[in-house]
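Under the UniProt record's numbering, the residue at position 461 of the sequence shown is numbered 461, and the numbers go up by one with no gaps. Note that CB positions come from ideal geometry on N, CA and C, so glycine has one too. Report on the following structure.
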Amino acid sequence: MTVRSPSVRAAPHSGTATAAPDLSDTRTAGPGDTGPGCELCGREHELAVLDGLLKAADGGTARLVAVDGQAGMGKTALVREFLRRHPVPAYRVCGEETESALPYGAFVRLMDRLTAALPGGGPGVPPQDLADPFVAGSCLLDVLGRLEDGALRVIVFDDAQWADAPSLESVAFALRRLRADRILTVVVVRDSAHPGLPESTRRLLADDETERLTLGPLDVADFARLGARLLPAPLPPRAVTRLHDHTGGNPLHARALLREVPADVLAGPEASLPAPRSYSLIVLARLARCDRAAQDLVAAASVLGMHCDLRQAARLAGIADPLPAVEQSIAQELLEERLAPGTHRVSFPHPLVRASVYHHLGPMLRTELHSRAAEATADRFGALWHRLRAADGTDPDLAAELAAVADEEAAAGRWSSAATLARHASGMAAAGPERDRLAVAAADALLSEGRADEAAALIGALSAPAESARHRYAEGHLAFVRGNTTDAWTLLTDAWEHCDKAADPALARRVAERLAMLCLAHCRGAEAACWAERATALTTAHVAGGTLRYCHLVALGMTGAAERGVALTGNLPAPALVGPEDADLLLGRGMLRVWSDDLEGGRDDLRAAVRMTRHGPVPLRVLADTHLGQAEFRIGRWDEAVLHLGAGCSIATDAGQSWLAPHGHAELALVLALRDDREGAAAHLAEARCALGATPDIPTLMAIARSRACLAVARGDQQEVVRVLRPLLDLRTPEEPAFLPWHDLLAHAQLAVGAYEECAGTLALLDELALATGRRSALAAAARERGCLLAARHRPDAAERAFRTGWEHATAVANPFDRARLALDFGIFLRRTGRRAAATESLLAAHRAFGALGAVWFADRCVGELAACGQPVGPVPAVLPLLTPQELAVARLAAEGLTNRRIALDLVLSVKTVEYHLSHTYAKLGIGSRTELPAKLAPKA
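So, in structure tokens, the structure goes:
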């Protein structure tokens, strides 16, 4: 079985990866061979660079190189020659101009080649349909990790500029996560910075760690060698120079002229040479030398793409015996054979050859061939694609078919294919409401996929009046994704007013769902819950990968009704038993449990949600990673928190959905600030603020303010803490005190700067929220800060009662950082009231906890207080100084019994990277296997 994209289910482009000389899509050159495998002249420097990169990959460091240059400069020839020299397993896939609108077309072909190399050749990934580039990229990582023997391998992605965007995004996602893998990836593209490439691909190719080889024109000496290879006798030096100047050093054009123009004409000083732009005429001249059968075969092959099955092309051309025609086509360098067990495939030697043939077909013949190909294709998606190519003007029936399939894809959460199909359906529909409806559906799917610029272009071309409900909804969704929540609210509420709920419940539901999300962005939990309930009432159908049910639960949590929200998920089983269709409910329940102080239960839900949403849409996965990071932080597993928060930010950015990243960056900055990594915290705060829209959401503003405050604490600047947090008092913040705790930080800073009355006012607000919800974490924080305030006001008895009350609440919640803060403040109080022994005990406990967490500033504060008690302390034994956060996270999962493959899936790493981290961990800890990890990794207090 091979992996199939939900949107590209055409016949597989099969191919088996073998050593380079037998590689599908690569010819082997021998002495005297003048075929494509031997067409390279010069480029010794570039070959040396590739040799060095292959050596680095062989040493266990994954490498990536971008080979770019104008058409005909020999990019593919360079890679072929490189592979010919190095007989290593290689897997080549080529982008095709004819498939650029088919999501995952190139990705499917790459996976076909890779899964064929798996032991037994079985399925390379789980059978779930691919929902988005993140899912596909994760599948690619999984397959690479399952390739046996750890051998050196090469992946070639040729003609990337013509590949579909989801394929490029999927591969880019996976390549960013290869570290210790013996893999060299070569991306061949005309321009690494071409605006048509997805942003994630351009960013990857421009990365400092990516090698870039730009092929310019060959020099005259290389042209002389090329002429000597292809002609019976070498050209005179003056003729070589003339040929070089005439072609601009382009080897493809030169090779064509050397093949077509008689040697005496080339050598003569006066004869004119064909213009380089007439390359297509040279190709067509070769085609004209073939008989009718060969011409028909080549024409049919051009309709089927760069590569096709010979029998399929022969049937389309109406040829009973295609072998003589193939032989002629190969002799004229129009086609090449691709032989593999059980298959006989042909391909064009260069995209320009195929383009010359395809675009020479008259419209009548081209339409006829595509129509016949559609009838002969059993695959639904392949047939639709050929019918699109055959269509002449609008076609309501085809539009309806495309729209129906687009709706199916959208309902399953496969936004990329839904967008492509809906966009094509819109183009086939007659101008008017139906075309606009389909264009809005395409824009909606594009926005769900994070492709805002493409969606904006579709919305701008709508013919409906700007005040129509559909138009307003599309503009409102776009404004929301771009972070302009004020405009989004105006547009979406207007869309709701003008929407006919009875005639178009699907549109009404989408409007209500977006309004629920907007209310959450403004911390209007009760309104968000109402909008979510309205949306649910409009249709009972559940959209896979949707966030409506999650929004409803979060809205209830915001209002302080977390327990009510958890009760609504009463039919949801234990995390391990929840199906993927309920990932959104599990995600919401996990966060509600965290807010209601059930940190262990919430963490279990969220860990399962992360695993489940690995095959789901990007928004759910980003939310799952971010929420799990928040839970890990509260439960005291800060290394895992760093890893998951970073993963969420990375996924959002790589998927082009940067609007999801600011909150994760802010939460990550919080952990780094508490660990006194001021530079890292500042960098993530800058990322968070940079990604904010014109009217940012309140939860993200709260998270940024809290992280800035913690950074100020690390600098010892309590006045800055007050300045940063005080504005939150004027915002409409959630009624749930555990949503994003910040009142205690502000109260502590107000006390530190002598603003006692302001401190008391802040604590009164916190008390009100904590008592209303009965939230023990908030009650503990309020009691701790009240104890500090009472001590400062010289009321020691009341202060001690407050501290002890706080301790009763804190011990009921598995939050080691909050308990350690209470132990620190209580220890300071005890020392200042003369109880040094009790103070020492409390301060030592706090010091151990802070040391284990890596909370540097707080641990240092303990050291100072303990010194004042006459109890000097040395460094706290901890794993942290030995292991990096990623090593520690991998080690902990291994200690829990997870396999390397499961760890790789959970952390979105390659298996080789997991093995690399574990080997370093064993060496640092002085152990020999994973069975010794549990004893070395003591649970954090």
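- According to the DSSP assignment, residue 94 belongs to the beta strand (DSSP E) that extends over 90 to 94.
- At the C-beta level, residue 386 and residue 373 come within 8 Å of one another.
- Assignment of residue 345 by DSSP, reduced to helix, strand and coil, places it in the strand class.
- With fewer than 16 neighbouring CB atoms inside 10 Å of its own CB, residue 55 falls in the exposed class.
- With a cutoff of 8 Å on beta-carbon distance, residue 273 and residue 230 are scored as not near each other.
- With a cut-off of 8 Å on Cβ pairs, the segment 775 to 783 is in contact with the segment 735 to 750, counting three or more such pairs.
- Residue 338: not part of any alpha helix (DSSP H); member of the beta strand (DSSP E) spanning 336 to 340, first to last residue.
- Following the DSSP letters along the chain, one finds residue 213 inside the beta strand (DSSP E) bounded by residues 211 to 214.
- Excluding its 5 nearest sequence neighbours in each direction, residue 597 has C-beta neighbours in its own chain below 6 Å: 776, 777, 813, listed in chain order.
- Taking a contact to require three or more Cβ pairs closer than 8 Å, the segment 654 to 664 and the segment 631 to 642 do not qualify as touching.
- Counting only the Cα atoms, residue 523 lies some 25 Å from residue 818.
- Measuring C-alpha to C-alpha distances from residue 510 to each of 223, 244, 537 identifies 537 as the nearest.
- Judged by their CB atoms, residue 298 and residue 284 are not nearer to each other than the 8 Å cut-off.
- For residue 295, same chain residues with a beta-carbon under 7 Å away, outside a window of 5 residues either side, are 287 in chain order.
- For residue 64, the enclosing beta strand (DSSP E) has its first and last residue at 63 to 68.
- Counting only the Cα atoms, residue 282 lies some 23 Å from residue 162.
- Under DSSP, residue 50 takes part in no beta bridge, so it has no partner.
- Pairing residue 606 with residue 624 gives a Cβ-Cβ distance under 8 Å.
- For residue 307, there is no enclosing alpha helix (DSSP H); the enclosing beta strand (DSSP E) has its first and last residue at 307 to 309.
- Counting only the Cα atoms, residue 489 lies some 29 Å from residue 743.
- In the DSSP assignment, residue 622 falls within the unbroken alpha helix (DSSP H) covering 618 to 635.
- Excluding sequence positions up to five before and after residue 527, its CB lies within less than 6 Å of the CB of 519, all in the same chain and listed in chain order.
- Counting along the chain, the unbroken beta strand (DSSP E) around residue 157 starts and ends at 153 to 158.
- Spanning the alpha carbons of residue 532 and residue 824 requires a straight line of approximately 44 Å.
- Within the same chain, 478, 481, 482 come within 7 Å of residue 452 by CB-CB distance, once the 5 residues on both sides are set aside.
- In this structure, the straight-line span from the alpha carbon of residue 241 to that of residue 222 is close to 11 Å.
- If one requires a minimum length of 3 residues, no beta strand (DSSP E) run lies completely within the segment 755 to 787.
- Membership of residue 247 in the alpha helix (DSSP H) is indicated by the continuous run 237 to 247.
- When beta bridges are read from the DSSP output, residue 184 appears opposite 63, 154.
- Secondary structure at residue 484: strand, using DSSP grouped into helix, strand and coil.
- A residue is called buried when at least 16 other Cβ atoms come within 10 angstroms of its Cβ; residue 342 does not meet this threshold and is exposed.
- When DSSP states are grouped into helix, strand and coil, residue 536 belongs to the helix group.
- Residue 236 and residue 267 have their C-alpha atoms some 6 Å from each other.
- The alpha carbon of residue 864 has as its nearest neighbour, out of 571, 895, 831, the alpha carbon of 831.
- Two segments are said to touch when three or more pairs of C-beta atoms, one from each, lie closer than 8 Å; by this definition the segment 322 to 341 does not touch the segment 364 to 384.
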